[in-house]
Amino acid sequence: MENSLPSKIIDRTSSSYKIKKFLRKNLGGWLIMLPGLALFTFFVWKPLFQNIILSFSHTMGMKAVGFAGFENYKSVFQDVFFIDALVNTFKYLFWSIIIGFFIPIILGILLSEVVHFRGFFRLGIYFPSIVSGMAVAIMWSYLFDPNPGAVLNQLLARLGFKYSGFLSNPKLTIPLIILTMTWRGAGATALIYLSSLQNISNSQYEAARIDGANWFNRLRFVTFPHLMPTIKLLFILQVISVFQVFYEPMVMTGGGPNGASVSLLLLSYNYYQQMELSKSAAVAVILSLIIIVLTVIYLRLSNPNKREAKNV
Amino acid sequence: MFKALQSKTNGIFNYSDYKKPVYKIVYCIILFFLFVAALTAITPPLWLFISSFKEASELTSVPYRLFPKVFDIGKIVSVWKMLNFGKYFLNSIIVVLGAVVCSIVFNGLLAYSFAILKPRGYKFFYGLVLLSYMIPAFSSIVPLFLSIVDLKLQNTFIPLWLMFGANAFYLMMMKNYFESLPKSIFEAAAMDKCGAFKTFFLIVLPLSKPIIGVVAIFTMTAAWSDFLLPYLVLQDDNMMTVIVKIYNLKDTMGSMQGFGPDKLLMVLTISIIPQILIFLIFQKRITASAYAGAVKE
Amino acid sequence: MRKLLVIILLVACGLLSACGGGDDRIKVSIGMWPEEILTKDVEMFRSWEENFEKDYPQYDIVPDHYTYSPDTVIAKATANQLPVVFQTYFTEPKKLIANGFIRDITAELQELGWYDKMDPMMRETLSADGKIYGVPRDGYGLGLFLNLEMLYDVGVIEKNSDGTYRLHDDSGNPLYPTTFDDIRRVSELIVENIDYTYGIVILSANKNGGWQFSNMAWNFGCKNLQVYRDGKWEANLNDPGAVRALEWIQTMRQEELISSDASLSYNDWYLKIGSKQVAMAFCGSDALSLPVTNYNFPLDQFAFVPMPTGDGESRYSLYGGTPYVFSANATDEQVKGALLFLKYMGRSPEVDDISVDAMELGFKTAQEKGMPILPTIKAWADPDYLEVANELEEKYINVNMDYFKDFFDTINEMKKPEEPNYCQDMYALLDNAIQSILSNPNAVAQSELTTANAQFQKNFLSKINK
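Chains as they are written, first to last, in this note's numbering: chain Y, 1 to 312; chain C, 1 to 297; chain E, 1 to 466.
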């Protein structure tokens, strides 16, 4: 029975075998990761790194031509518009929570309750999100024409109100911009809530009924707890995206009137237009830091277990 | 109408509630609000569509007339021809197609290695990918543009395609999906001595049709509306996408002869129409994917 | 067989390389080349190109249409995509020079003998450290655009027996507004008698508000918004004259004679005029054709008169112009080719047959397009050139000169160039003051301008005072 022996005797304890096995196991994985990682490096990490360097340099045109230390940051912090942008960001957040956060939740719940016209409603409210952001912004900036002869103002006049300056009224600028963004995004968000709602099993409602809960309590003890994870996730996503608001103020108000709607990213872009690339980079770095800090805080607060947080 | 409600068994309100007339009114109120919501969503683009047929002077005429004096369907054609819009559409389509391919292949490969292969040290890169999710895309634009110029890739579509291959959001979605695939298929593939690469293309991808559909639709929407990088990279008028051209037109409207705000509105309408058409055709898929992304949380 | 293949390959390569690189001509890309949709303009440029390449076969003129904007110039310059020569705004060259985007052409201009023929004021604006960086296309002065029909309807002006409007009374005094008080009075009439109108457009955004405002400030008595004292530049944005100008805007808003829209830019003025939402607007003398081409405004329904005065004495018209500038990456030969091409476009101070023909072609094309042909403010001060140019203009002018005479007769005394430093940034700060006044009923003009003043001094003028 000599044939039962393998023709090659493999020494499974030698280090070269272990190395080979290690390589065999991982090399394929590394090679596969390579294209994706290369792209991430080129499009995300390398520019981020270069941005940090730019923010610490003097620039001529787009190139860095000398070390500037914290000079750019200093002059950014002293810029009146930077303070405006910071304050505005919180205003944007405030209004987006009031207008933009609750509406999709309400819409989602309403949608899950109706049996008629479901398709029509879903299509209808999802429709604005397929229109490109720029077209939406331009369209609404025409609708918000402060001229007394414009559409909405004439409508207001017929209803007996005085005409409104809309975007040129600094009290209204940010809320109106948020309104535009909500108009565009509420539908998609509502559908996300809808799908989560449809996963609520009927037995939970039945149980609540048996316990004598009225509709308000059913809402409180069955619907909302089920939605909570989705709500938390979408909340943080919304906060992150509101911080980065850019297209709408750029197209609709240019940051005005007098800085009433300037956002941090818009500020960065304005520096770009003024050909001060180093300050533009500085603002971008500041913004990134703020977002990272916020996200980490939020994750820690909602998921005390650090391991869980990584699985987001 | 209320007959349908008699068989409703789930939700906050169900058939037993609706037997009482009070709740029937509640239901009507719900319907009313949803109608208002749907109308609010549809009316502005409808207004845009109607207004774009007006002459420039009718836009803010007094008193305001909703409909233009002359409904000239030909205006679509004339504005299209005047700006030679076809080429911008073609460019946008080319960008979208390339973006979808890159987004699925590159993100997919990386997601595959994070979810299944898990080579040594993958956690580090995974962390970096998560980090990139929190960086606003805009902030890296300038240095990114410089790198692109260094590689002499400006005024080409290549950077725009590849950009979608490095998207943390799509990657996460695909990773979650891959993790839900049954482990047995990978064991079977390993036994058949199928290399990792082959496994991905021949086994994983075909099984991932749902998530590919979702990612494809998201990518299509994002690539079509993408503005900042194309604005910088596509400097030649012939290469511009629809969105870039629209912004360009808006910006230079003051110095262009023969192009007033009415034409800008018409251009907006023209750019929206194909999106609407695609939406209507693929509605089920699109609305399904809207919440597929969240379900995997 | 193999040998044959190799030979074929080699020959093919040779042919290909000859096709590709055989063109030794110097490429000169022209940024002012018109867009394809403007067919008549393209024809005009093509004929200029033909004449040029015939006489100078070593050059290859390449159309490279580029409408300048501060966003795109940075990207294009960095990617080396700027045309050899392109048009920009008058206030841009300093910024472009500082960032290394455009190059100096002193040597080439002097070689052609054009340096000395340039209008001195324009030459000054285009120079830095003794070197010159651009060639002016033409100049503009700010003035007051009037919708004659509306002014007639409220009784401000009268009509002649032949239907044309009469802008002067029997003693030759103007019936149109010549002071800011007049404008207010006329605006009151307009708003009272015609629904949904305002009297005049006051721009407020995109730095265009501040641009026009600086002229208003001068005419209310402010001598300069930037003053050079003891070797340092000082900001003077809160000069009493400027405050009076801003207060005038505030009064106009409080009496609802101007719009509260804080986003009006230079794209909007002809829109408002064209759709008869306002009767008057400030604009540059080189933009008068816009309402006609973009809004079908009738050629015989508008007039352009000098800027009004605020204090009764100061009469200035902000003076600028569109310069042609040259990419920093352009070689000396390319610059020379571009300059020579300018001659074939009729934009040089030369008066030989070629130049005159080119200028005539320009006029004829404008005529065919139905554009209003008005006197222009010349870029060159050479007397021979001026003689020829004026003669040609007179031949082609197709508007009623009564409506424009006053402006062009007085422009030479009224013209005042823009402030020298960081003009666009100054305008941006002034924009903010205007926006504040328009949107906040409690704003105080004095403090708005003092704030803007401090910011301008700290963020911009201090940079050159180092």
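Positions of the beta carbon are idealized from the N, C-alpha and C atoms, including for glycine.
Answer yes or no: does any C-beta atom of chain E fall closer than 8 angstroms to that of L179 (chain Y)? Here residue 179 (chain Y) refers to the residue found at position 179 when the first sequence is read from its first residue. For L179 (chain Y), the answer is no, since every Cβ of chain E falls outside 8 angstroms of its Cβ.
Provide the residue(s) that pair with M118 (chain E) in DSSP beta bridges, ordered along the chain. Translated into positions along the third sequence, residue 118 (chain E) becomes position 118. In DSSP, M118 (chain E) forms a bridge with E:W380.
Distance, Y228 (chain E) Cα to L299 (chain Y) Cα: Sequence index remark: in the first sequence, residue 299 (chain Y) carries index 299 (1-based). Sequence index remark: in the third sequence, residue 228 (chain E) carries index 228 (1-based). One C-alpha to the other measures close to 56 angstroms.
Helix, strand or coil, according to DSSP, for H168 (chain E) in the structure here? Within the third sequence, numbered from 1, the residue matching residue 168 (chain E) stands at position 168. If DSSP states are grouped into helix, strand and coil, H168 (chain E) belongs with the strands.
Taking the alpha-carbon positions, what's the T450 (chain E) to L227 (chain Y) distance? For the purposes of this step, residue 450 (chain E) is taken as the residue at position 450 of the third sequence. For the purposes of this step, residue 227 (chain Y) is taken as the residue at position 227 of the first sequence. Distance between the alpha carbons of T450 (chain E) and L227 (chain Y): 53 angstroms.
Buried or exposed by the 16-neighbour rule on C-beta atoms within 10 Å, applied to P177 (chain E): Reading the third sequence from its first residue, position 177 is the one you call residue 177 (chain E). With 16 or more Cβ atoms within 10 Å of its Cβ, P177 (chain E) is classed as buried.
Validate contact between the region 158-178 of chain E and the region 389-407 of chain E using beta carbons, cut 8 angstroms, 3 pairs: yes
Note down, in chain order, each residue of its chain lying with its Cβ closer than 6 angstroms to the Cβ of S439 (chain E), except the 5 sequence neighbours on either side. Mapped onto the third sequence, residue 439 (chain E) falls at position 439. Result list for S439 (chain E): A262, in chain order.
Leaving out five residues before and five after P136 (chain C) in sequence, what residues of the same chain have Cβ atoms less than 7 angstroms from its Cβ? Along the second sequence, read from residue 1 onward, the residue named residue 136 (chain C) stands at position 136. For P136 (chain C), where only same-chain residues beyond five positions count, there are no Cβ hits under 7 angstroms.
According to DSSP, simplified to helix, strand and coil, what is W47 (chain C)? By 1-based counting over the second sequence, the position of residue 47 (chain C) is 47. Three-state DSSP puts W47 (chain C) in a helix.
Can you tell which of Y:A135, Y:G259, Y:V251, Y:M181 has its C-alpha closest to the C-alpha of Q275 (chain C)? Walking along the second sequence from the start, residue 275 (chain C) turns up at place 275. Per the Cα distances, Y:A135.
CB-CB under 8 angstroms to V191 (chain E), same chain, minus the five flanking residues each way: which ones, in chain order? Position 191 of the third sequence, counting from 1, holds the residue named residue 191 (chain E). Cβ neighbours of V191 (chain E) beyond the five flanking positions: T197, Y198, G199, E256, L257.
If we call anything under 8 angstroms between Cβ atoms a contact, is A38 (chain Y) one with P104 (chain Y)? Here residue 38 (chain Y) refers to the residue found at position 38 of the first sequence. Here residue 104 (chain Y) refers to the residue found at position 104 of the first sequence. Contact flag unset, no.
Give the DSSP-derived three-state secondary structure of C222 (chain E) in the structure shown. Counted from its first residue, the third sequence places residue 222 (chain E) at position 222. It is coil, neither helix nor strand.
Please confirm whether V201 (chain E) and L142 (chain E) have their CB atoms less than 8 angstroms apart. Within the third sequence, residue 201 (chain E) is the residue found at index 201, counting from 1. Within the third sequence, residue 142 (chain E) is the residue found at index 142, counting from 1. No; because the gap between Cβ atoms is not below 8 angstroms, this pair is not in contact.
Which of the residues in the region 234-250 of chain C, read from start to end, lie with their CB under 7 angstroms from any CB of chain Y? I243, I246, Y247, K250
Ranges of the beta strand (DSSP E) found wholly within the region 315-361 of chain E, counting only runs of at least 3: The qualifying runs are 317-326.
DSSP on K76 (chain E), reduced to helix/strand/coil? By 1-based counting over the third sequence, the position of residue 76 (chain E) is 76. Helix at K76 (chain E).
Please state if the CB of E413 (chain E) and the CB of S214 (chain E) are separated by a distance shorter than 8 angstroms. Sequence index remark: in the third sequence, residue 214 (chain E) carries index 214 (1-based). Sequence index remark: in the third sequence, residue 413 (chain E) carries index 413 (1-based). Not closer than 8 angstroms, so no.
Between A188 (chain C) and chain Y, is any beta-carbon pair separated by less than 8 angstroms? Here residue 188 (chain C) refers to the residue found at position 188 when the second sequence is read from its first residue. Chain Y, which has no Cβ nearer than 8 angstroms to the Cβ of A188 (chain C), makes this no.
Out of curiosity, what's the CA-to-CA distance linking S184 (chain C) and L46 (chain C)? Start at 1 with the first residue of the second sequence, and residue 184 (chain C) comes out as number 184. Start at 1 with the first residue of the second sequence, and residue 46 (chain C) comes out as number 46. One C-alpha to the other measures close to 52 angstroms.
List the DSSP bridge partners of V135 (chain E). Position 135 of the third sequence holds residue 135 (chain E). E:Y324, per the DSSP bridge assignment.
Relative to the C-alpha of I278 (chain C), which candidate in Y:N51, Y:V44, Y:I9, Y:L123 has its C-alpha closest? Stepping through the second sequence from its first residue, residue 278 (chain C) is reached at position 278. Selected option, being the one with the closest Cα: Y:L123.
Please report the distance separating the alpha-carbon of N173 (chain E) from that of I157 (chain E). By one-based count along the third sequence, residue 173 (chain E) stands at place 173. By one-based count along the third sequence, residue 157 (chain E) stands at place 157. Taking the straight line from one Cα to the other gives about 12 angstroms.
D382 (chain E) to G31 (chain E) span [Cα, whole Å]: Start at 1 with the first residue of the third sequence, and residue 382 (chain E) comes out as number 382. Start at 1 with the first residue of the third sequence, and residue 31 (chain E) comes out as number 31. Cα to Cα, the separation comes out at about 26 angstroms.
Give me, in chain order, the residues of the same chain whose beta-carbon lies closer than 6 angstroms to that of A137 (chain Y); leave out the 5 immediate sequence neighbours on both sides. As a working note, residue 137 (chain Y) is residue 137 in the first sequence. For A137 (chain Y), where only same-chain residues beyond five positions count, the Cβ hits under 6 angstroms are Y247, E248, V251, M252.
Heavy atom of the ligand NAD less than 7 angstroms from the Cβ of Y298 (chain Y), yes or no? Among the components of this structure there are no ligands whatsoever, and the ligand NAD is therefore not found.
Among C:I270, C:F33, C:D236, C:I273, which has the Cα closest to the Cα of T67 (chain E)? Start at 1 with the first residue of the third sequence, and residue 67 (chain E) comes out as number 67. When only C-alpha atoms are compared, the closest one is C:D236.
Residues within the region 65-76 of chain E neighbouring chain Y, beta-carbon criterion of under 7 angstroms: P70, D71, I74
Grab the span of the beta strand (DSSP E) containing Q87 (chain E) for me, first residue to last. As a first step, residue 87 (chain E) is located in the third sequence; it is residue number 87 there, counting from the start. First-last of the beta strand (DSSP E) with Q87 (chain E): 85-87.
Start and end of the beta strand (DSSP E) containing S57 (chain Y)? Residue numbering aside, residue 57 (chain Y) sits at position 57 when the first sequence is read from its first letter. 57-60 is the span of the beta strand (DSSP E), which, as asked, contains S57 (chain Y).
Identify whether E313 (chain E) lies in helix, strand or coil by the three-state DSSP scheme. Taking the first residue of the third sequence as 1, we reach residue 313 (chain E) at position 313. DSSP places E313 (chain E) in coil when its eight states are reduced to three.
If we require 4 or more residues per run, which alpha helix (DSSP H) segments fall completely within the region 60-129 of chain C? 74-83, 86-112
Could you check what DSSP says for S288 (chain Y) in three-state terms: helix, strand or coil? Here residue 288 (chain Y) refers to the residue found at position 288 when the first sequence is read from its first residue. S288 (chain Y) falls in the helix class under three-state DSSP.
Mind checking if K46 (chain Y) is an interface residue toward chain C, Cβ cutoff 8 angstroms exclusive? Within the first sequence, numbered from 1, the residue matching residue 46 (chain Y) stands at position 46. Yes, its Cβ sits closer than 8 angstroms to a Cβ of chain C.
Distance between K87 (chain C) and P230 (chain C) (C-alpha atoms, nearest Å): Locating residue 230 (chain C) in the second sequence gives position 230, where the first residue counts as 1. Locating residue 87 (chain C) in the second sequence gives position 87, where the first residue counts as 1. So the two alpha carbons sit approximately 15 angstroms from each other.
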